[in-house]
């Protein structure tokens, strides 16, 4: 997660939020270990953007001197100073540096209460959703005719896929440990964290629709395929008709991706009389101590796009999934 925005699990003084309306930048100050203060800036000029800058330093009274977060041994770059008041934060370069590099975080940010933050993130989701609507409208005219079946399918799947990604990336205990046996209650109003994740999922959606396949992408099996939310497929058809399949599901930010590799025999790789290309296979981990039911997969080429359908695949996808529509890309040149 970029930074936790859920309602008050910690005292308000431990986590403060600020916003620069002109540049659509969010700044968060959060108490960290050993007296440090964590600084996170999210750049939201494109609604739902996940672009962030992270840093930290020591706060003394109303001043915080900080630099970017790096791995051990790396140069932290320019140092910044934040002048903090009840109503705003002003960020600038720490004096005495020779040609400090601009990280795009300098400026004035006004204090945002949790109520104001909720309003801002809800509005950001609405802007992202409007951009997605426009992208879909444009795509219905601009996409190649051979790809439009994929567009229609993606639109049908989108509400479910977006919610899947949001649920996978929410860190609140309620989202991770809900008891399905508990009595159903009226859903609570979305938190700021939920609006943020929904906006970010929607940004991934409009990005998927706006970015067309590389012109070198063919309509055959061979290629590298990506969906909107951390899914990847690598396909190679060999001369003997076997299809090598490598699937990756990396849905949660910061979590290790799940992978699945197999080879589909030639008799399961088909092209029907209408030219529709499909491949079907089952998969079971032969080395697993506990044997799960074999997962069933069906791959369908839709122009330069790929549809993946999966049944009983949860044990192999971790907390993610393999289903969906994937945009094709060419085989990398060696």
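Numbering (the numbering used here), first residue to last: 1 to 334.
Backbone N, C-alpha and C define an ideal beta-carbon position, used for all residues, glycine too.
Evaluate residue 124 with the Cβ neighbour count: other Cβ atoms within 10 Å of its Cβ, from every protein chain shown; 16 or more gives buried, anything less gives exposed.
buried
Whole angstroms are fine: how far does the CA of residue 62 sit from the CA of residue 53?
21 Å
Nearest by alpha-carbon distance to residue 117: which of 25, 224, 212 and 72 is it?
Out of 25, 224, 212 and 72, 25 has the C-alpha closest to the C-alpha of residue 117.
Residue 66 to residue 109 span [Cα, whole Å]
16 Å
Taking a contact to mean a Cβ-Cβ separation below 8 Å, would you say residue 55 touches residue 200 in this structure?
Cβ distance not < 8 Å, so residue 55 and residue 200 don't count as in contact.
For a test of the three-state rule: what should DSSP assign to residue 324, helix, strand or coil?
strand
What is the rounded straight-line gap between the Cα of residue 32 and the Cα of residue 40?
12 Å
The segment 148-164 contacting the segment 296-306, beta-carbon criterion three pairs below 8 Å
Flag = yes, the segment 148-164 and the segment 296-306 touch.
Closest residue to residue 259 among 213, 317 and 309 (Cα-Cα distance)
317
Suppose you measure from the CA of residue 202 to the CA of residue 50; what does that come to, to the nearest Å?
11 Å
From 278, 22, 274 and 273, residue whose alpha carbon lies closest to that of residue 267
The shortest Cα separation from residue 267 among 278, 22, 274 and 273 belongs to 278.
With three or more C-beta pairs closer than 8 Å as the rule, is the segment 223-232 touching the segment 240-249?
yes
Do residue 319 and residue 252 have their beta-carbon atoms positioned less than 8 Å apart in this structure?
Result yes, Cβ atoms of residue 252 and residue 319 sit closer than 8 Å.
Residue 91 versus 290, 77 and 104, residue with shortest Cα-Cα distance
104
Pairwise C-alpha distance: residue 73 and residue 227:
35 Å
Got a sec, what are the start and stop residues for the beta strand (DSSP E) residue 270 sits in?
269-271
List the endpoints of the continuous alpha helix (DSSP H) containing residue 210.
192-210
When you compare only the Cα positions, how much space is there between residue 22 and residue 44?
11 Å
With a threshold of 16 other CB atoms inside 10 Å of the CB of residue 76, please say whether the residue is buried or exposed.
exposed
Shortest alpha-carbon distance to residue 254 belongs to which of 107, 169 and 300?
Looking at the Cα atoms, 169 is the closest of the given residues.
Residues near residue 297 by beta carbon distance below 6 Å, same chain, minus five either side:
281 and 310, listed in sequence order.
Using only CA atoms, which one of 284, 300 and 292 lies nearest to residue 275?
For the residues 284, 300 and 292, the minimum Cα distance to residue 275 belongs to 300.
Following a CB-centred definition, is residue 14 positioned closer than 7 Å to any heavy atom of the ligand HEM?
With respect to the ligand HEM, the structure shown offers nothing to examine, as it has no ligands at all.
Alpha helix (DSSP H) segment containing residue 340, residue limits
Shown here, the chain extends from 1 to 334; a query on residue 340 therefore has no answer.
Taking Cβ to Cβ, would you say residue 293 is nearer than 8 Å to residue 312?
yes
Nearest to residue 261 by CA position, among 240, 271, 235 and 270, is which residue?
Checking every option, the nearest Cα to that of residue 261 belongs to 235.
So what does DSSP say about residue 259, is it helix, strand or coil?
strand
Rounded distance between the beta-carbons of residue 263 and residue 242, thought under 8 Å:
5 Å
Quick one, are the C-beta atoms of residue 154 and residue 331 less than 8 Å apart?
no
Sequence ranges, alpha helix (DSSP H) only - wholly within the segment 295-321, length at least 4
314-317
Under the assumption that residue 192 contacts residue 114 (Cβ atoms under 8 Å), give the Cβ distance between them as a whole number of angstroms.
7 Å
From 128, 132, 98 and 27, residue whose alpha carbon lies closest to that of residue 82:
27
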